[in-house]
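In what follows, a structure is listed as structure tokens, so that the remarks can point back to it.
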Amino acid sequence: MPIDETTEAGQTVAQPEIGAYAAGWHDADTKYSFRAEPGLSENVIRQISEIKGEPQWMLDFRLRSYEHFLKRPLPRWGGNLGELDFDSIYYYLKPEAENARSWDDVPEAIKDTFEKLGIPEAERTVLAGVGAQYDSETVYHNLQQEWRDKGVVFLDMDGGLREHEDIVKEHFGTVIAPEDNKFSALNSAVWSGGSFVYVPKGVQLEIPLQAYFRINADRAGQFERTLIIVEEGAFVHYIEGCTAPTYASEALHSAVVEIIAKPGARVRYSTVQNWSANVYNLVTKRAVAMEHATVEWLDGNIGSKLTMKYPAVVLAGEGARGEVLSVAYAKDGQHQDTGAKMIHVAPGTSSRIISKSISKGLGRSSYRGLVRVHSGARGAKSNVECDALLLDENSRTDTYPYIEIDEDSASVGHEARVSRVSEQQVFYLMQRGIPEPEAMALVVSGFIEPITKELPLEYAVELNRLIELEMEGSVG
Amino acid sequence: MLKISGLKAVVEGMEILKGIDLEVKPGEVHGIMGPNGSGKSTLARVLSGDPTYAVTGGEVDYCGQDLLAMAPDERARTGLFLAFQYPVEVPGVTIGNFLRTAFNSRREEELSAMEFYGLLLNKVRELGLADQWVNRYLNEGFSGGEKKRNEILQMMVLEPQLCILDETDSGLDVDALKIVSEGVNKMRSPERSIIIVTHYERLLEYIVPDKCHIMLEGRIVLSEDGIDLARRIDEQGYEHVKQQYAAQTQA
Amino acid sequence: MPATTQQLSPVERKLANWQPAADVPDWFAQQRRDARDAYFDSALPDRSDEAWHYGHPQHYTLDDLDIAHAQPGFNGIRYERICGLTGQPRRIACLSMVGDNVAEISSSTPLRDAGVTVMSLRQALALRGDQLQDYWQRELLKADRDRLTASHYALIDNGFYVHVPAGVTAPEPIHLIMETGEQGSVVAPHVIIGAEKGSTSTVFVHYLGSTYEKRNLQLGQLHAHLDDAAKLSVVKVEHVGLNTDILTQELANVGRDAKYVSVAVHFGGKHLRHEAVANHAQPGGSSELLGMHFVRDRQRYDFQTTQVHAAPECASNLLFKGAVMDRGRASYQGIIQVHPHAQKTDAYQTNRTLLLSPEARADSSPQLEILANDVRCSHGSTVANVDKDQIFYLESRGIRAAEARRLIVSGFMAEIADRVPLATARDYVYNYVLDRVNE
């Protein structure tokens, strides 16, 4: 039962429980042309595949994944998954809307939602292409003509499968096998939507592509699947944003993102995740970087009830470079279990992880990371820095790094620090006339500055604004 | 403008200020001198509301308001400014962003970013600093001299009514001292008062005070008009005053 | 109790039929019985248990082993080795144990005059039963934690008891020497050190042994109890035979304003796991856990440390340094736990590993769990080979590459070795490191 069940459609309402969460409204009158029964079964999976009109191999892939999902136990580490009820989740919700290339063709209620989130506006000003997913299906996808002419493909994943089956078949599930973990198996079984991006050799997409994910229905599961293939020497920056309404019962977001960066390519993948506080966000993200390719994950985690996400780069080609910059913010009732994985397979590879986390009230943020250097990755280098900021007396932070080195010429370092906002810093700012809450917010924004400065300005502002919003009332 | 009577303060159970009386009128510049440990920096910090110190007695009237009842940011917004002896580092926060926030916090209407940066850059150049200065993180990795200049820059931008300079001369070479003093002197006006807390007389030669005070063991023991008292200290040291004070208290 | 005795190793059969000797106190007999039951009822630690992330519980089982029966006898080699470690044994307090049989090598008049007790566990059970039971109840490990811990408690036949009375400064270090038994045997020595209020003492613990064709197992535990303002340094040198598996557990209860220093030096053995715990349940205490190890051949070392801050205003510092050669592998997993309200905690944890040959391996997982905000906590970990720039710098001064490497490795170890508070033992440690680097 939604908390705000009496609300008229499209109205933004205050959410007393969640306070500052501004994206917490939901659209009550959205029509679904297909709503699978709650719970997961082979039948549900066959229905999804049939509605999408998929080739047999994809159905086989889904069923194989489902089989593994059933066998695989829940992870015993990370966050508390005990309350997650797989049987009450709706695994497939197809809104009554076709995938449009113009916002005019998007149903009014859904368009309103994205207007409120500022997506069409951003598309006009700063983006090369936009995809928007509403529950299980993509409702809008468009790439500017200029980039289409250069051979760039930016489709929803289902469209990608229809129009570029060969490329999809060759790469789908090769970076993250269904058997990788329980949630990659789940996604592989019931995936729907997500993006398919293909950037041809040498094409430099100077402005970013953006995908926006919105969960709207109560007890919804969203399982988008993204595959990004960037050919030799090409560049793309892909941005992902996520919000959901605030419901009393849990929603599940479990995405799989696979990136293949061919020799000399560079991919940057930025996420500002602001799920409402009832969403389990259990995501597997991994990239393969070939010779001299660079993959950068920028990961901002502000929302959700529990996030477990560790973007990974497999440094498979000589001289490949991987980077994860992540910010996590956990307040009361939230657990951000986030981090990164760097797998060094080839010689001369390098990686860097910078993680900044903020815990407020009884919030808990955990860094969990892996740096593995395989034998033969001569001269591999990796450096990890974790900083945690604790705002309140009982806030919690954990650090769980794993370093596994099988190569004597590697050089690997890890450092972590825990601090709080110092009284003298706040006093200094207050002495200049800045009120205490703003002074705190300023110190916090300074703390995450090393990460926000890597984001395009609009997103850096957005991230700071979100944190400032979350900080409101943090000084009693 | 400022009237201090019987002000007492402790830190970690130790009484540092043992009853300070001081009146500063609009437009006046006061020099407060004293040897190390005399409590002069504590006075500066207590006036600005540093939570490290606990006030145990006395009153401070600031433009008709009870200064001690105000939070540090309120004091700042009513025009009290402390140039810190050891400004704290605030990583990741640019000087520009910080000063704009501080500047707008005391105005009804916010100045646009463009207008503000125009104003800021003028002051930056006046202090002989490069434009890039505004993009540096607040005091992070600054040398002692850079920190001091940055304090004066803030003072020039925020244009306070009452400026308290705490050992602003320490860590500055002669050239920097000149630039900083010029900046302060430009700010002298009939409406603005300045208190200069210093160990050495040097700074007072550049910013000539209307009144000088000597602090010893938490009290103001000597006050005179003009700069002569400071010059005497420069020539004779504090020893002479100490003996005089000891004789006085015994008698 | 096991349903069938057919699959059991000789030592397990003896455990199943174990009866206490007549002269041990009831509480001790009972604890051994309980531990025996726990052994047969419990499972090996699961590798999904975070504390065993890199460890291999199956290396430390009782399979195929028998209880050690070796008689103490001091042949020349053994005697020389002990002298090398401790200086001249005749002039210092030194208790030695082979298998579970203890022989006093020498005793020190000054220590005795100061009121310091150094005796075997069996002696202590007979003479200081009540005192011992009190310490026993405060031990941080319980037999039913897992099968490996239970096996130690079920097998304890002997060990050492050191007691330093309130206010006493022990005039010289105390040496405890434990040797593994004959081949194919297990030893489970249990050491209890009680440092009373305001006392100061240093205890050396030497584990020695020979290399045999058949596997040996050493399950040693050391429990240190520091009362208010006590100062205790424990230096452990582990240097047993190359076919010995070792599981050692060293735990300290650090009292109010007490100061605990532990230096753990590890050479030798085949598979080795060292667990160390510094428990701060009283405010104001400090602990320092220092470790160094040299891993070679196909040795596998696994370290697991815990710094618990349950009380405010305590400081703990940990530094473990290791060098790995040949096909050796060193793993470290450690955690700092700061409980809610343990404000003003200062806790640090550092693990540094040098990989000195192409097939050497290292794992490191330094962890933090912080539930209070007014704390200073940090950790760091590095894994790398000897810095090429450092070697080049020394070479440019005319030093040959091999010599440069030797200098750098011993320099790397010096930070820990220098903390060994006795010249002879320090030299022993240095010489071992230099010999290995020269090989």
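Chains as they are written, first to last, in the working numbering: chain A, 85 to 560; chain B, 1062 to 1312; chain C, 628 to 1066. The beta carbon of each residue, even a glycine, is placed where N, CA and C say it ideally should be. Since this is a predicted model, take the numbers as computed values, not measurements.
Chain order gives the chain C residues near Pro-485(A) as Ser-991, Ser-992, Pro-993, Gln-994, His-1006 and Ser-1008, where near means a beta carbon separation below 9 Å. Distance check between Val-1154(B) and each of Gly-530(A), Asp-383(A) and Tyr-176(A) places Gly-530(A) closest, using alpha-carbon atoms only. Short of 6 Å from the beta carbon of Asn-385(A), and not among the five residues preceding or following it, lie these beta carbons of its own chain, in chain order: Gln-357, Thr-391, Ala-412, Gln-420 and Thr-422.
Spatial neighbours of Val-367(A) in its own chain (CB-CB distance under 6 Å, excluding positions within 5 residues in sequence) are listed in chain order as Ala-339 and Lys-393. CA-CA distance, Gly-1125(B) to Ile-1225(B), rounds to 19 Å. For Gln-1215(B), the neighbours in chain A by C-beta distance under 7 Å run, in chain order, Arg-516. Secondary structure of Met-142(A) (DSSP, three-state): helix.
In the structure shown, Thr-330(A) falls within a coil segment according to DSSP collapsed to helix, strand and coil. Here Leu-399(A) is bridged, per DSSP, to Ala-373(A) and His-428(A). Listed in chain order, the beta strand (DSSP E) elements of length 3 or more contained wholly in the segment 1148-1204 of chain B amount to none. Where Lys-948(C) is concerned, the enclosing beta strand (DSSP E) starts and stops at 942-951.
Proximity of Leu-158(A) to chain C, defined by a Cβ-Cβ separation below 8 Å, is not satisfied. Taking a C-beta distance under 8 Å as the contact criterion, Leu-878(C) and His-850(C) qualify as a contact pair. Lys-537(A) sits in coil when the DSSP states are folded into three classes, being neither helix nor strand.
Closest in C-alpha terms to Leu-775(C), from the list His-907(C), Tyr-666(C), Ala-969(C) and Thr-972(C), comes Tyr-666(C). Just so you know, the alpha carbons of Val-1002(C) and Ile-962(C) end up roughly 15 Å apart.
Taking a Cβ-Cβ threshold of 7 Å, none of the residues of chain A is close to Asp-1016(C); the smallest such distance is about 11 Å.
When CB distances to chain C are screened at a threshold of 7 Å, the residues of the segment 496-524 of chain A falling below it are Val-496, Gly-497, His-498, Glu-499, Ala-500, Arg-501, Val-502 and Arg-504, in chain order. Take the alpha-carbon of Ser-479(A) and the one of Pro-157(A): they are about 30 Å apart. Using a 10 angstroms sphere on the CB of Phe-307(A), the tally of other CB atoms reaches 16 or more, which defines it as buried. In the structure shown, the three-state DSSP call for Asn-127(A) is helix.
The segment 1028-1037 of chain C and the segment 1004-1017 of chain C touch, with three or more beta-carbon pairs separated by less than 8 Å. If you look at Val-1235(B), you'll find it in the alpha helix (DSSP H) that goes 1235-1248. DSSP lists Val-411(A) and Asp-471(A) as the beta-bridge partner residues of Lys-440(A).
By the beta-carbon neighbour count (other beta carbons within 10 angstroms, threshold 16), Val-545(A) is exposed.
In the DSSP assignment, Ile-819(C) forms a beta bridge with Tyr-788(C) and His-850(C).
Beta-bridge annotation (DSSP): Trp-381(A) is paired with Tyr-353(A) and Val-408(A).
Of the residues assessed, Gln-634(C) falls on the exposed side of the cut-off, its CB having fewer than 16 other CB atoms within 10 angstroms. In the three-state DSSP reduction, Asn-271(A) falls in the helix class (H, G or I). Neighbours of Ser-439(A) in chain C, taken as residues at a C-beta separation under 7 Å, are lacking, since the least C-beta distance is about 12 Å. Distance from the CA of Met-724(C) to the CA of Gly-756(C), rounded to the nearest whole angstrom, comes to 20 Å.
When only Cα atoms are considered, Ala-974(C) and Leu-1083(B) end up about 46 Å apart. Leu-853(C) is a Cβ neighbour of Ala-885(C), given a cutoff of 8 Å. Excluding residues up to 5 positions away in sequence, Arg-405 and Lys-465 lie with their Cβ nearer than 6 Å to the Cβ of Ser-434(A) in the same chain.
Residue-level contact check: Asp-482(A) touches chain C, since one or more beta carbons of chain C fall below 8 Å from its beta carbon. Taking a contact as a CB-CB distance under 8 Å, the pair Tyr-296(A) and Leu-201(A) counts as one, their CB atoms being some 7 Å apart.
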